[in-house]
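Peer 1: Encoded as structure tokens, here's the structure I'll be asking about.
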Amino acid sequence: MLERAHQNMPKAVLEKERFEMPKVRGRLEGNKTVISNMQQIAGTLRRPLDHMIKFLLKELATPGEMRRSNLVFGSKVSASRINQKIREYAEEFVFCQSCGKPDTDLKEDGGLTMMVCSVCGNRQIVKSRI
């Protein structure tokens with residue numbers, strides 16, 4: 002009976018990796034790159050939008066700003082390069098270094114930024130590159 006129940010379970014329940022990294026949706030407008038789902042990406046990663054934007058602008062070495070709900074880069078940037086930088090952001094500011102889960106929060110503690118994991122309880126200082 003247990004085997005039958007296991008076979009009838011949806012595949013999503015059986016997957017070990019429940020977190021899927023969001024991909025950017027954007028377009029080119031002249032010399033500018035417009036990303037339309039930046040707020041959704043920040044929400045999925047559970048990080049402040051301005052923190053992510055600051056990281057991306059610095060890492061991509063391009064000017065940019067939020068216009069309504071779109072992030073506008075001042076130059077042409079490929080989607081693959083933006084996705085790579087978002088993965089780097091997640092590795093540094095989202096995923097726990099101990100257990101690898103994305104269930105972390107950034108907290109200020111005495112002038113230091115700490116990443117606290119709600120799964121394993123790990124606390125680590127985040128090196129602020131921003």
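Going left to right, the sequence shown walks through residues 2 to 131 as my numbering numbers them.
Ideal Cβ positions, reconstructed from N, Cα and C, are used throughout, including at glycine.
All values reported here derive from a predicted model rather than from experimental measurement.
1) Got a sec? Which residues, its chain only, sit under 6 Å from lysine 108 by beta carbon, not counting five neighbours each side?
2) How is asparagine 38 classed by DSSP in three states: helix, strand or coil?
3) Could you tell me whether the segment 89-108 touches the segment 69-76, using the rule of 3 or more Cβ pairs below 8 Å?
4) Please classify methionine 22: is it buried, with 16 or more other beta-carbons within 10 angstroms of its beta-carbon, or exposed?
5) Unbroken beta strand (DSSP E) runs of length 3 or more, entirely within the segment 40-79: which are they?
6) So, arginine 48 versus valine 95, is the Cβ gap smaller than 8 Å?
7) Among the candidates Met39, Gly122, Val25, whose CA atom is the shortest distance from the CA of methionine 53?
8) From Ser119, Gly111, Ile87, pick the residue whose C-alpha is nearest to that of arginine 26; which is it?
9) Mind checking which residues open and close the beta strand (DSSP E) that includes arginine 28?
10) So what does DSSP say about glutamate 21, is it helix, strand or coil?
11) Measuring only from the beta carbon, is lysine 102 closer than 7 Å to any heavy atom that is part of the ligand MN?
12) Which residue comes first and which comes last in the beta strand (DSSP E) that contains cysteine 118?
13) What residues match up with lysine 108 in a beta bridge as DSSP calls it?
Peer 2: In terms of the structure at hand:
1) Here residue 108 refers to the residue found at position 107 of the sequence shown. So the list reads Met115, Val117, once near-sequence residues are dropped.
2) Position 37 of the sequence shown holds residue 38. Reduced to three states, the DSSP call for asparagine 38 is coil.
3) no
4) As a first step, residue 22 must be located in the sequence shown, where it is residue number 21. When all chains shown are included, methionine 22 counts as exposed.
5) 65-68, 71-74
6) Numbered from its first residue, the sequence shown carries residue 48 at position 47. Numbered from its first residue, the sequence shown carries residue 95 at position 94. Yes, the Cβ-Cβ distance between arginine 48 and valine 95 is below 8 Å.
7) Reading the sequence shown from its first residue, position 52 is the one you call residue 53. Per the Cα distances, Met39.
8) Counting from one through the sequence shown, the residue named residue 26 turns up at place 25. Among Ser119, Gly111, Ile87, the Cα nearest to that of arginine 26 belongs to Ile87.
9) Here residue 28 corresponds to residue number 27 of the sequence shown, with the count starting at 1. Per DSSP, arginine 28 belongs to the beta strand (DSSP E) from 27-30.
10) Along the sequence shown, one-based indexing puts residue 21 at 20. Coil, per DSSP.
11) Only the bare structure without any ligand can be found here, which leaves the ligand MN out of the picture.
12) Residue numbering aside, residue 118 sits at position 117 when the sequence shown is read from its first letter. From DSSP, the beta strand (DSSP E) with cysteine 118 extends over 113-118.
13) Start at 1 with the first residue of the sequence shown, and residue 108 comes out as number 107. For lysine 108, which the question treats as bridged, DSSP gives the partners Met115.
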